[in-house]
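Under our numbering, the first residue of the sequence shown is numbered 1094, with each subsequent residue one higher.
In what follows, a single structure is set out as structure tokens and then discussed.
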Amino acid sequence: MDRLSARALCCGSLLAKYCWMNGFGGEVATKMPQASKTDQLAATMVVPPERMVIRDQLGMERTTVAGPYSEGDNIKLRCDVYGGRPTPTVTWYRDNVPMAADTKYMPLGKHLRSEIALGPLTRQDLHTKLVCRATNHARANPVEQLIGAHQPLSAGRRYDLLCQSAGSRPAASITWFLDGVRLDKSKETTSADGNQTTSTLSIVLNRTDAGKYLSCKAYNSYVQSDALEDGWQLDIQYVPDASVRLGSSLDPNAIREGTDVYFDCIVKAHPAVYKVEWKHNNKTLTRNISQGVIVSKHSLVLQGVSRTTAGNYTCVGFNAEGEGSSPTFELNVMYAPTCAPNQPRVYGVAKQENAEIRCVVDANPPDVEFKWTFNNSAESIDVQASHISRLGTSSIVSYTPMTELDYGTLLCSATNKIGKQRQPCVFHIIAAGKFQ
């Protein structure tokens, strides 16, 4: 009877899964054909390291991401390797390139410690992949611990994620799951020696996938044993999602000229925004206290708004993923009527000649009532309603001078729910030939 004590172990991540055989010294009992008894043969096996842990200079364990750090920082990372016979060799790699490290035996903890120093850190160091690898036999698969494998993923981008399994006979099959729901769109390949299976999952994730658990399982349908599983909780980054909110004490349908208005920019973003901009009719706003514009972080204050302040407002959030603009918020500023510019103010009219004098006002809301008054050197008379017509924010009076006293000034004023026109529109009626 042959006896061999061994068990399969796995470590790593979805992006790189590494398997090895963890064997123990044992005996192989062999029936010798020339002998009449069973002889005992001792077989000594290589014992890989049991486990390894990466820690920062504060002793905090780092499994996928080290940091955050500031630009210019000098840092140290140490890799503690436990167990293994013979004593393993420990090597650090930065983006697959070996690094210089200080390795020593720690008698108190009975483990090896390999330490590296990095810095001063620059922007180019961001998302660097660091690997600590321990091996104690040329033919044994190494034990590895990775920093930087489980990086945040960007919403809306397509990723090809790898899951690898090794050491199964026949080759293992791999399936993917997202929060327990099987994912079917993956491709599987097997190495030439049949020892390693690689599954590639092509996937596009979105914000709603944040916090979900993405995993892969390796199993051998010919062996009744539990499947090996690895995975991680998804960290999904996305461009800012912004919206403009009017101050809670303000009624958007009752803002008049002279009112102080304030907005808040509500931003959902991961990572957090580093800047927020405000725009009025697509033009960026800057702080200008003399004009009553105050920009403060996520807030915008408009002091004493006027009709020129009305229009479309948006806020834009910026983070490492890009920029996200809010839907437009239309600020409606109401005001009493005023005279519209660029309209004739002097009319030359012959006696007994009918003239139509047009008065146009600018008002919000535009539902207005008009009043016409005639002034001359002797009196002031209200024009009869039968001579007045109105169309929107314009009014026409039909006027026919009969005598010299009918020449003078026509005053037009309008009223809406905000108030009465402060300064009337003035039209001068003078004697002339046939009215042009």
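Glycine included, C-beta positions come from ideal geometry on N, C-alpha and C.
Close beta carbons around residue i, own chain, < 6 Å, minus the five adjacent residues each side
i: S1308; result: F1270, E1322, G1324
i: S1261; result: N1313
i: H1480; result: V1490, S1491
i: V1409; result: E1370, E1416, S1418
i: I1216; result: Per the sequence shown, residue 1216 should be read as Arg rather than Ile. If we look at R1216 and ignore the five residues flanking it on each side, it has no Cβ neighbours.
i: A1347; result: none
i: G1340; result: Y1355
Between the CA atoms of residue j and residue i - distance to the nearest angstrom
i: A1136; j: I1168; result: In this prediction, A1136 has a pLDDT of 45, which is less than 50 and means its spatial position is unreliable; nothing more can be read from the coordinates.
i: V1297; j: S1247; result: 9 Å
i: Q1514; j: M1495; result: 30 Å
i: P1345; j: Q1396; result: 16 Å
i: L1170; j: A1320; result: 33 Å
i: S1342; j: L1503; result: 43 Å
i: T1486; j: N1447; result: 23 Å
i: E1497; j: F1520; result: 17 Å
i: E1462; j: A1456; result: 11 Å
i: R1155; j: D1277; result: 32 Å
i: Q1244; j: A1403; result: 45 Å
i: I1209; j: V1224; result: 11 Å
i: C1172; j: G1202; result: 13 Å
i: K1197; j: N1412; result: 42 Å
i: D1095; j: Y1162; result: Because D1095 carries a pLDDT of 28, less than 50, the predicted location of this residue cannot be relied on, and the following value inherits that uncertainty. Answer to the nearest angstrom: the Cα atoms are 55 Å apart.
i: D1460; j: Q1477; result: 21 Å
i: F1117; j: R1178; result: For F1117, the predicted model reports a pLDDT of 29, less than 50, meaning its position is unreliable; a value from the coordinates is still stated below. Whole-angstrom Cα-Cα distance: 10 Å.
Beta-carbon separation (whole angstroms), residue i vs residue j, contact threshold 8 Å
i: T1290; j: T1228; result: Not a contact, Cβ separation roughly 22 Å.
i: T1283; j: A1259; result: T1283 to A1259, Cβ: 11 Å. No contact.
i: Y1355; j: V1388; result: Their Cβ separation, rounded to whole angstroms, is 11 Å, which puts Y1355 and V1388 out of contact at 8 Å.
i: V1386; j: T1352; result: About 15 Å separates the two Cβ atoms, so there is no contact after all.
i: S1506; j: K1464; result: 5 Å
i: G1165; j: P1213; result: 5 Å
i: Y1428; j: I1522; result: Actually they do not touch by this definition, with Cβ atoms about 29 Å apart.
i: G1441; j: N1468; result: Not a contact, Cβ separation roughly 18 Å.
i: V1454; j: T1431; result: 6 Å
Start-to-end residues for the beta strand (DSSP E) that takes in residue i
i: L1223; result: 1223 to 1228
i: K1305; result: K1305 -> no beta strand (DSSP E), and no H or E assigned at all.
i: S1279; result: 1279 to 1283
i: V1316; result: No beta strand (DSSP E) holds V1316; DSSP gives it neither H nor E.
i: M1192; result: 1190 to 1192
i: M1145; result: 1144 to 1149
i: A1362; result: 1354 to 1363
i: E1449; result: 1448 to 1457
i: I1382; result: Segment: none, I1382 is in no beta strand (DSSP E) and carries neither H nor E.
i: K1464; result: 1462 to 1468
i: A1478; result: First-last for A1478: undefined, no H or E at that position.
i: D1334; result: 1329 to 1339
7 Å Cβ shell around residue i - same chain, five flanking residues per side excluded
i: V1174; result: P1142, M1145, P1181, V1183, H1204, L1205, A1227
i: S1295; result: R1251, D1253, K1278
i: G1249; result: V1297, N1299
Cut-off 8 Å between Cβ atoms - residues of its own chain near residue i, not counting five sequence neighbours on either side
i: S1266; result: E1281, T1290, A1311, Y1312, N1313, S1314
i: S1473; result: T1466, F1467
Any non-hydrogen atom of the ligand ATP within 7 Å of residue i CB
i: F1463; result: This structure does not include the ligand ATP; it has no bound ligands of any sort.
request  = Would you check if the segment 1417 to 1429 and the segment 1326 to 1336 touch, i.e. whether three or more CB-CB distances between them fall below 8 Å?
outcome  = Enough Cβ pairs lie closer than 8 Å, so yes.
ask   = Using 8 Å as the Cβ pair cut-off and three pairs as the minimum, do the segment 1357 to 1365 and the segment 1432 to 1452 touch?
value = no
query = Per the contact definition of three or more C-beta pairs closer than 8 Å, is the segment 1183 to 1199 in contact with the segment 1148 to 1162?
reply = Because the criterion of three Cβ pairs below 8 Å is not met, the segment 1148 to 1162 and the segment 1183 to 1199 do not touch.
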